[in-house]
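For the sequence shown, our numbering assigns the number 382 to the initial residue and increments by one for each residue that follows.
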Amino acid sequence: MKKSKTIYICQACGARYVQWQGQCSSCHQWQTIVKQAIDDAPIKTWADSDISSRTSKPIKIQQIATQNSPRINTGDKEFNRVLGGGIVLGSMVLIGGEPGIGKSTLLLQISLNLPQKVLYVSGEESAQQIKLRSNRIGKNENNCYVLAETKLEKIFNEIKQLLPELVVVDSIQTLTTQTVDSAASSVTQVRTCTAQLLEFAKSKNVPVILIGHITKEGHLAGPKVLEHMVDTVLLFEGDRNYSHRILRTQKNRFGPAFELGIYQMNHDGLAIVDNPSEILISQKDDQSSGYSIAVTVEGVRPLLIEVQALVSKAVYGTPQRSSTGFNGKRLNMLLAILEKRVGFSFGDKDVFVNITGGIKVEEPAIDLAVVMAVLSSYFDLSISQWVCFAAEIGLSGEIRAVPKIDARIKEAQKRGYKEFALSQYNKTSNHGNKVTLHLFDKIEKVIKHFFSP
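Here it is as structure tokens:
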């Protein structure tokens, strides 16, 4: 019989304990420690062959030859963008998102478009279900092979026979291996399966794409070490009330992080959005109060977004502060700056802020646009629909410079905007007479310029 022992493992971070306890000492999460039996037998790798015989020797950094990593062109410019130019050979990519957001559709669509031999491993759907989705997408290429399997050893047997050039696993939480004795989707199973797939990818120079579940808090499920093991982490986001989806880079060892790709979900799959600013800015005929246009940058890509605000009298006692797509704590800070430095009173006002299109923006460069939208609703005065804002606001009310200002101005100019408000400390190039630059150093001067009669 196999000799096994029992340990207690935290399902959130993977920390191990000899006895059960209510709170994990490592990640401080409650009720995440579960009892698991582990096998003392040596763990076999995916190939169980010559991988362990490879040796590495130290070498001077000056003697290391460098070259560009070869990549697979997916034919999807948005997917290529977030990966930094395509799928790097031998890399491992983890993509996460809410159930039903379109992760499987996106990767099946990419698999069907590739001329390379692709093995699509599905642990959640049958081969018939995948076939129906491919019919809806409208592509039935011969180079995409489907395997409905959850046993890792059987998957590796098929890989050895098929020799694919790309492996897609949907999803990593459904895989199990016989080398560990624990339930599917447990920390031990997820970590062991990922480690063996990573060893296969690096040794055979075959890229592997994993689909991962997320928790109700929006974080990738499984141990945090999973994100450290892979080369690239992508998040597929979207609001079910909108048709567009956002693919965001969270980590990338082979390209820029925090890059952004935008798709639109149609009945026949995901379509690339060439002009994201059109779907992120609402179309309206009249010029209402409470609106402003901000220019944000995601990775190297400038985007025009619309900020909406509503300021009304608090009739239910305690004033409400609510924000969608913008950090609520930062909104409270901006309101405190307006009260302290400019003299506005929001103590009896409800303040609501919304970034249209369902997009979430963390960049402080939209501070000025948020403040202008709030004051536009406060005064009930509209701001010209041909002016953009890009500046950070400091605690003393100063208008701070933001990076990549030339790219922001160029994007606004391309979309037909005639005025641009920014910090006077930003150094800009000559953009001709197509856009008028308004330079400010204090929030009081911005308010006087746009709201004084």
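Where a beta carbon is used, it is the ideal one built from N, C-alpha and C, also for glycine.
Suppose you measure from the CA of residue i to the CA of residue j; what does that come to, to the nearest Å?
i: Tyr644; j: Gly706; result: 18 Å
i: Ile432; j: Ile440; result: Because Ile432 sits at a pLDDT of 44, beneath the cut-off of 50, its placement in the model cannot be relied upon, and the following sentence gives the value as read from the coordinates. Approximately 21 Å, taken between the alpha carbons.
i: Ala802; j: Ala772; result: 8 Å
i: Val409; j: Cys391; result: Sequence check: residue 409 is His here, not Val. Each residue's alpha carbon lies about 10 Å from the other.
i: Ala793; j: Lys799; result: 8 Å
i: Ala422; j: Thr575; result: Because the pLDDT of Ala422 is 48, which lies under 50, any placement of that residue in the model is unreliable, and the question is left without a value.
i: Leu470; j: Gly504; result: 24 Å
i: Asn516; j: Pro545; result: 22 Å
i: Thr817; j: Leu762; result: 21 Å
i: Thr737; j: Lys535; result: 47 Å
i: Gly395; j: Thr558; result: 17 Å
i: Lys532; j: Arg781; result: 55 Å
i: Gly483; j: Asn622; result: 14 Å
i: Glu381; j: Lys585; result: As displayed, the chain neither begins before 382 nor continues past 834, which places residue 381 out of reach and without an answer.
i: Lys458; j: Leu493; result: 15 Å
i: Lys721; j: Ile674; result: 25 Å
i: Gln577; j: Arg514; result: 29 Å
i: Ile518; j: Val734; result: 37 Å
i: His625; j: Ile824; result: 35 Å
i: Asp748; j: Val755; result: 11 Å
i: Gln831; j: Val463; result: According to the sequence displayed, residue 831 carries Phe and not Gln. If you take the alpha carbons of Phe831 and Val463, they lie about 38 Å apart.
i: Phe821; j: Cys769; result: 14 Å
i: Asp787; j: Tyr806; result: 13 Å
i: Leu591; j: Gly478; result: 12 Å
i: Gly797; j: Tyr526; result: 47 Å
i: Ser669; j: Leu615; result: 37 Å
i: Gln402; j: Leu628; result: 38 Å
i: Trp411; j: Leu661; result: 39 Å
Around the Cβ of residue i, are there at least 16 other Cβ atoms within 10 angstroms (buried) or fewer (exposed)?
i: Pro637; result: exposed
i: Ser430; result: Residue placement at Ser430 cannot be trusted, given a pLDDT of 44 that sits under 50; what the coordinates show is reported in the next sentence. Per the 10 Å Cβ criterion, exposed.
i: Tyr672; result: buried
i: Leu776; result: exposed
i: Asn461; result: buried
i: Tyr697; result: exposed
i: Ala750; result: buried
i: Glu743; result: exposed
i: Lys386; result: exposed
i: Lys730; result: buried
i: Thr447; result: exposed
i: Ser765; result: exposed
i: Val827; result: buried
i: Ser552; result: buried
i: Ser434; result: Model confidence at Ser434 stands at a pLDDT of 49, short of 50, so the residue's coordinates are unreliable; what they give is reported in the following sentence. Ser434 comes out exposed.
i: Ser485; result: buried
i: Gly650; result: buried
i: Ser472; result: buried
i: Gln417; result: buried
i: Thr613; result: buried
i: Ala564; result: exposed
i: Ile445; result: exposed
According to DSSP, what are the bridge partners of residue i?
i: Ser703; result: Phe733
i: Thr817; result: Glu800
i: Val676; result: Leu685
i: Asp551; result: Ser503 and Ile592
i: Phe617; result: Gly478 and Leu628
i: Gln645; result: His625 and Ala652
i: Asn494; result: Its beta-bridge partners do not exist; DSSP assigns none.
i: Arg397; result: Ile390
i: Ile414; result: Cys391
i: Thr557; result: Lys532
i: Val692; result: Val732
i: Ala633; result: Position check: residue 633 holds Asn in this sequence, whereas Ala was assumed. Answer is Thr613.
Step through the CB atoms of chain B and report whether any lies within less than 8 Å of the CB of residue i.
i: Gly698; result: In the structure shown, chain B does not exist; there is a single protein chain.
From what residue to what residue does the beta strand (DSSP E) around residue i run?
i: Leu591; result: Val589 to Gly593
i: Leu528; result: Cys525 to Ala529
i: Phe770; result: Val768 to Phe770
What are the start and end residues of the alpha helix (DSSP H) that includes residue i?
i: Asn516; result: Ala508 to Ile518
i: Ala652; result: From DSSP, Ala652 is part of no alpha helix (DSSP H) but of the beta strand (DSSP E) over Gly650 to Ile653.
i: Leu749; result: Asp748 to Phe760
i: Cys574; result: Val568 to Lys585
i: Val463; result: Lys458 to Leu464
i: Phe831; result: Ile824 to Phe832
i: Ile440; result: That residue, Ile440, is in no alpha helix (DSSP H); it is neither H nor E in DSSP.
i: Arg722; result: First-last for Arg722: undefined, no H or E at that position.
i: Ser658; result: Pro657 to Leu661
i: Gly709; result: Gly709 to Ile718
i: Leu607; result: Val606 to Met610
i: Asp787; result: Ile786 to Lys795
Any heavy atom of the ligand MG inside 7 Å of the beta-carbon of residue i?
i: Gly778; result: This structure does not include the ligand MG; it has no bound ligands of any sort.
I want to know whether the segment 646–661 touches the segment 709–727 - three or more CB-CB distances under 8 Å. no
Specify whether the segment 566–573 and the segment 391–403 touch according to this definition: at least 3 beta carbon pairs, one from each stretch, less than 8 Å apart. yes
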